[in-house]
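Data first, discussion second: the structure below is written as structure tokens.
In our numbering, the protein residues as written are 16 to 309.
The structure is reproduced here in structure tokens:
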């Protein structure tokens with residue numbers, strides 16, 4: 016009986032690691048743009064129920080995305096230093112179990128639709144398609160980071176739809192900013208895996224950009240910040256928001272220092288650094304709206 020309990024715990028632990036719940040960075044990078052959108056769409060006063068629904072949705076869909084990503088990469092991950100110990104790569108979880116877990120997570124996310132309007136539910140269907148299809152893009156294009164930016168940013172039009180029942184131009188500019196930000200941080204992530212990816216034939220912007228990788232990361236951050244500034248102008252956010260963008264720019268500059276020698280571990284730390292970039296933008300948003308109410 017004790018052995019059976021241990022086996023069940025080990026399997027449950029493998030599922031949690033397959034969902035990457037022990038590594039929250041992906042959830043945070045998905046959560047920040049969603050929170051940006053909720054605050055802007057509601058002029059700083061999002062409905063608590065929508066905040067709860069979108070946070071839960073981020074956790075569930077990020078977990079589902081990790082599962083389907085590892086399913087797609089199950090023949091690749093054993094050959095990459097950073098992913099060779101993942102549950103599917105070492106056989107702790109079968110491919111069939113992974114697909115079943117992906118379906119369960121998507122169904123749980125679908126249950127959140129009870130609190131959403133019809134327009135947001137329609138957009139949520141697109142979100143599922145994006146999450147399920149993204150892992151396969153690196154097989155035939157060097158620009159999977161662009162598609163990831165669209166997938167990770169799709170919560171932006173959904174948040175506007177949920178709050179206002181329409182998606183204004185501000186939302187699309189914010190989505191464009193998120194795409195460029197994603198290109199920046201996921202290129203840094205891909206730089207950490209570049210040597211392994213070249214050996215096994217996986218494509219990425221890090222491979223496409225080559226020696227221009229650091230310049231392209233910097234350029235993507237600059238474009239993202241420019242678009243975020245434009246969002247601030249469109250929404251009338253003012254100097255406190257701009258201060259948040261300035262702080263984010265500082266973190267982007269620090270990332271260039273981390274990427275300078277192109278050491279894999281430093282490149283991975285540069286990727287992690289983007290959590291502070293996203294948090295800085297959100298802090299500026301919150302400060303701007305609080306400043307209005309004082």
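Think of the CB as a built atom: it goes at the ideal place given N, C-alpha and C, for glycine as much as any other residue.
If distances are taken between C-alpha atoms only, which option among 290, 53, 195 and 103 comes closest to residue 183? 53
What separation, rounded to the nearest whole angstrom, lies between the Cα atoms of residue 50 and residue 111? 34 angstroms
Alpha carbon to alpha carbon, how far is residue 97 from residue 274? Give it in angstroms, no decimals. 18 angstroms
Residue burial classification, residue 265 (beta-carbon count within 10 angstroms, cutoff 16): exposed
Going by alpha carbons, who is nearest to residue 188 out of 141, 276, 162 and 242? 242
Between the region 95-109 and the region 63-76, can you find at least three pairs of beta-carbon atoms closer than 8 angstroms? no
Look at the alpha carbon of residue 308 and the alpha carbon of residue 289, and state the distance between them as a whole number of angstroms. 29 angstroms
In chain order, each alpha helix (DSSP H) run of at least 4 residues that lies wholly inside the region 100-173: 102-105, 110-125, 133-148 and 159-168
State whether the region 34-49 contacts the region 167-176, with contact taken as three or more CB pairs (one from each stretch) at a distance under 8 angstroms. yes
DSSP three-state assignment for residue 98, whether helix, strand or coil: coil
Looking at residue 78 and residue 120, is the spacing between their C-beta atoms short of 8 angstroms? yes
Less than 8 angstroms between the beta carbons of residue 302 and residue 259, yes or no? yes
Tell me the DSSP secondary structure of residue 30 in three-state form. helix
Please go through the region 188-248 and give each complete alpha helix (DSSP H) segment of 4 or more residues, from N-terminal end onward. 220-224
Label residue 129 either buried or exposed according to how many other C-beta atoms from any shown protein chain fall within 10 Å of its C-beta, with 16 as the threshold for buried. exposed
Excluding the 5 residues flanking residue 245 on each side, which residues of the same chain have their C-beta closer than 7 angstroms to its C-beta? 188
By how many angstroms is the C-alpha of residue 164 removed from the C-alpha of residue 21? Legend: pLDDT at residue 21 = 45, less than 50; position of this residue unreliable, no value from coordinates given.
Comparing alpha-carbon positions, which option in 140, 116 and 248 lies nearest residue 127? 140
Residue 109 classed as buried or exposed, judged by whether at least 16 other C-beta atoms fall within 10 angstroms: exposed
Residues in the same chain with beta-carbon distance under 7 angstroms from residue 34, minus the five sequence neighbours each way, listed in chain order, please. 78, 81 and 82
Rounded straight-line distance, which links the Cα of residue 55 to that of residue 207: 34 angstroms
Hey, residue 292 and residue 250 are a contact pair by Cβ (cut 8 angstroms); roughly how many whole angstroms apart? About 19 angstroms separates the two Cβ atoms, so there is no contact after all.
Buried or exposed: which applies to residue 72, given that a residue is buried once 16 or more other Cβ atoms fall within 10 Å of its Cβ? buried
Residue 19, DSSP secondary structure in three states: For residue 19, the predicted structure reports a pLDDT of 41, less than 50, and the residue's modelled location is therefore unreliable. A value from the coordinates is still provided. In this structure, residue 19 counts as helix in the three-state DSSP scheme.
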